[in-house]
Structures are given as structure tokens and as C-alpha cells.
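A.B. asks:
Numbering (this note's numbering), first residue to last: 5 to 450.
1. If you check the beta carbons only, do residue 380 and residue 317 fall under 8 Å apart?
2. Just confirm the distance between the C-beta atoms of residue 371 and residue 437, as a whole number of angstroms; I'd bet it's less than 8 Å.
3. Quick one: grab the DSSP three-state call for residue 191.
4. Take residue 357 and list the residues in its own chain whose beta-carbon comes closer than 7 Å to its own, dropping the five residues that flank it on each side.
5. With 16 as the cutoff for other CB atoms within 10 Å, does residue 134 come out buried or exposed?
6. Could you check where the alpha helix (DSSP H) with residue 153 kicks off and where it finishes?
7. Which residue from 426, 170, 333, 340 puts its Cα closest to that of residue 138?
8. Whole beta strand (DSSP E) runs in the stretch 90 to 169 with 3 or more residues, listed along the chain?
9. In this structure, does DSSP put residue 51 in helix, strand or coil?
10. Within a Cβ cutoff of 7 Å, which residues of the same chain sit near residue 344, ignoring the five residues on either side of it in sequence?
11. Between residue 175 and residue 108, which are expected to be in contact by the criterion C-beta below 8 Å, what is the C-beta distance as a whole number of angstroms?
12. Report yes or no: do the stretch 22 to 42 and the stretch 116 to 131 share at least 3 C-beta pairs separated by less than 8 Å?
13. Within 10 Å of its beta-carbon, does residue 102 have 16 or more other beta-carbons around it, so buried, or fewer, so exposed?
14. From residue 363 to residue 434, what distance separates their C-alpha atoms?
15. Return yes when the Cβ of residue 348 is within less than 8 Å of the Cβ of residue 432, no when it is not.
16. Got a sec, what are the start and stop residues for the alpha helix (DSSP H) residue 31 sits in?
17. Tell me the DSSP secondary structure of residue 358 in three-state form.
18. Buried or exposed for residue 423, going by 16 or more other Cβ atoms inside 10 Å?
19. Cutting at 8 Å between CB atoms, please list the residues of its own chain near residue 158, excluding the five before and the five after it.
20. According to the neighbour-count rule (16 or more other Cβ atoms, all chains shown, within 10 Å of its Cβ), is residue 419 buried or exposed?
21. Do you know whose CA, among 180, 165, 150, 69, lies nearest residue 84's CA?
22. Using only alpha-carbon positions, find the residue among 31, 166, 165 that is nearest to residue 123.
23. Restricting to Cα atoms, I'd like to know which of 400, 69, 373 is closest to residue 446.
24. Taking the alpha helix (DSSP H) that residue 321 falls in, what are its first and last residues?
25. Nearest CA to the CA of residue 210: which residue from 258, 403, 132?
26. Do you know offhand how far residue 403's Cα is from residue 218's?
27. With a 10 Å radius around its C-beta and 16 neighbouring C-beta atoms as the bar for buried, classify residue 153 as buried or exposed.
28. Decide if residue 45 is buried, meaning its Cβ has at least 16 other Cβ atoms within 10 Å, or exposed.
29. Using the C-alpha atoms, what's the distance from residue 444 back to residue 141?
30. Mind checking residue 75: buried by the 16 CB within 10 Å criterion, or exposed?
31. Can you have a look at residue 267 and say buried or exposed, based on whether 16 or more other CB atoms are within 10 angstroms of its CB?
32. Buried or exposed for residue 236, going by 16 or more other Cβ atoms inside 10 Å?
33. Exposed or buried, what is residue 111 when buried is set at 16 or more other beta-carbons lying within 10 Å of its beta-carbon?
34. Alpha carbon to alpha carbon, how far is residue 232 from residue 406? Give it in angstroms, no decimals.
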């Protein structure tokens, strides 16, 4: 029964699963290209060239697996939350927790199956460009044959299977554990606020997230100390792991970061949202209140934005510190930024798509399209500012103790680099948040 429901859910919501599909395709693409390069480097004689290709391929595979689980879990969690009512009904009519988990895992698997051939094809193209670029920069002998074949496809399939199932199970955890009565109440919005409109107080999940943030930050600090005390030539290799450790802490602390950002930006955002000269009024004030109340939900988009900013700033500072940018570092920067940007775009599009009922309500009480658009702009600006601040803080926490040894000091990054990073995050947030708005306004009552 759950398998049939999962297939029907995917068919009924193709746009909701498009984000998961795009992440899985990207994952399969990178893994296919990485394994193909590992096979290409196999016949080479032992030496610096073989070591460089092997280390690069293995490193990309490991980081891709981690990012895939992280991103898939987050995007799947938003997809599961969007159909909370359906899950509540299933629990109310007797569905067991393991059936909910299996349904979500099956949905992830149904999305992963078509992603494999698409990712494999794109991975072959990426591997070809990868080989040509390394050969052009003297990192591979010219004319070395590219080895693709079945092993990269099998590796990509294994990674998609594991990451989709882990991500799906993590996403289904809350929906599966909810009691039927609580699930129905939560789906109806009964727990979204207290009797006086206040947000709910501290919860066990919040306490666990806080503990996770403290543990992740402590682990990141310890890893930074160990890396700084180790051989200087190994610092550059360990830098991505230190970044990821800090970003785990940012992910756990996302709700707090979102609430703090909403409070700090309250005054300027109110000026943007509610002035009568710009068409404000009661409807616009309600739109602003909706944005403040959604601070916890918007925090889901903070972590991927912080991931984009942290990776971009560290890598751009490393490229700015050398006279001739390393092709490998540039290639890695593009891939990591693509993964992080994919996560950020998917998250913000899904969050914005969930606002269709609120958009319809605002339009029904007289809010103009411009007022609704400003509400979403406030959300995008909140996410962009919070994500950029968190990402910049992570980049500073990593580069201050390790930047000199790794050749990635933020002081070497010119003002144009900071401006480009901030502008890119802003454009990304605005485009992803406003993308579903035209369709929502067409369906909403005028």
C-alpha cells in the first residue's frame, strides 16, 4: 500500500520532487565524473600527476556524498511538511510509523531512479571537460584516454541509493513519530502559535538542535586546533572538512539565526513593507507579521545560503592569494558552489511555494500584488542577510587560524569579491523566492 501511495504522491506533485531530482542528478553527475577520473588516473605511472588526479576524484566523491545526504534530507523534509495533512490522515486511519518512513523512502527512490541515467550522461560530459582542462594545464599527459564504462554508473547508482534513502528517512522522522491526534492538530495549524498569537515555547527538538549546534561547533574548534597543529602542507586538504563541521553547527542553529535576523532587520523591513506611500496599510502590515512569524520556517534556507557564502569566500580568497589561479581550485569552487546554490534555490522555491494559501488569503482581504511581492522580498532579504552573515562568520572562523597555512586569507580577497558574493546571494534569494509568485497570483482571488 505504501509503495503505491509513494508513486502516486510523486506523480501528483512533480514540481515538489523536482528539487530532489535536481540534487540527485547533480550528485550522480559529480560521482560519475569523479570515478571516471579515478579510472583514468589508474594506468598512469606513480607520480605527482597520478596523486593529484586520485586525490581530487576521491575528495569530490566524499564531499558529494555528504552534501547529497544533507541537501536531500532538507529538501525532502520540506516536501514532507508540505503534505502534513495527508500524513496526519494516514496516521489517523492507522498507518504505522514504519509505513510513513517507507513511503517517504520509496518516494526518494522513485525520484532517484530516473536521476541516474541523466546524471550519468552529464557526468560523462563533465569527465571529458575535466580531463581536457587538466591536460591543458599540465596536470595530465596529453592524449591520455578517458575511462568511463560501467564502474562510474555503478558507483553513482550506489551513491544515489544510499543518499536518497538516508535523506528520505531523516526527512520522515518527525512525520512518522507524531501521534495521530497531534498530527491532525499540527497539520491544521493548531500548534503554530499560542492562544495569544505567540510562537510556541522551547521544545525537545529545539533543545536537541541547540545541543547539536554546540557539539558541532565544539568539534569544529577541536578539528581546527588539530589541523593547525599538524603538518602545514596538509592544512589545505583538511580545510573543507573544517568548513563542513562549522556548517553543521549553522544548520542546527538555523532557527535561532533566522529569528535573530528577523528581529535585527525588523525596522528596515517594516519601512520597506508598510508605508502607505508604497501601497501599504493593514494588508501590508499583516504581510509583515506573516514574515516575522515565518522566521523559524525561513531558517531552513539559511544553511544552504551560508554554505554558498562560506565555500565561495574561502575558495575566492585562496584564488586571490596566488598569482595564477589553480585550475583545480577553480574547478572545485564551481562544483561546490553549484551544489550549495542548488540546495539554496530548492529550499527557497519550496518555502515560497508553500505560501499559496497565505497569498490567497492576503489577496482575498484586499492586498495588492505589489504588497504580496514586498512580503516575499522581505523574506528573501531576511534569508540573504542571515545566510551571508552566517557564511561570512564561518569563513572567518576557518581562515583566521588556518588561512595563512592554506593560502586562503580573507584579507587577500578584494572588495569586488565580497560585493560579488553578496550580490550573488541576493539575486539567488530574490529569484528563487519570487519564482512561484506569478502562478500564485493568477490562482488567488483578485
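A virtual CB, placed ideally from N, CA and C, is assigned to each residue, including glycine.
C.D. replies: Let me spell this out:
1. no
2. The Cβ separation is near 17 Å, so there is no contact.
3. Residue placement at residue 191 is flagged as unreliable, the pLDDT there being 49, under the threshold of 50; the coordinate-derived value follows with that caveat. In the structure shown, the three-state DSSP call for residue 191 is helix.
4. 440
5. buried
6. Per DSSP, residue 153 belongs to no alpha helix (DSSP H) and is neither H nor E.
7. Considering only alpha carbons, the answer is 333.
8. none
9. coil
10. These residues qualify, in order along the chain: 308, 311, 312, 315.
11. 6 Å
12. yes
13. exposed
14. 17 Å
15. Yes, the pair counts as a contact, with Cβ atoms nearer than the cut-off.
16. 22 to 45
17. Correct three-state label for residue 358: coil.
18. Exposed, by the Cβ-count rule.
19. none
20. exposed
21. Ranking 180, 165, 150, 69 by CA distance to the CA of residue 84 puts 180 first.
22. 31
23. 373
24. 306 to 324
25. 258
26. 20 Å
27. exposed
28. buried
29. 49 Å
30. buried
31. exposed
32. exposed
33. buried
34. 6 Å
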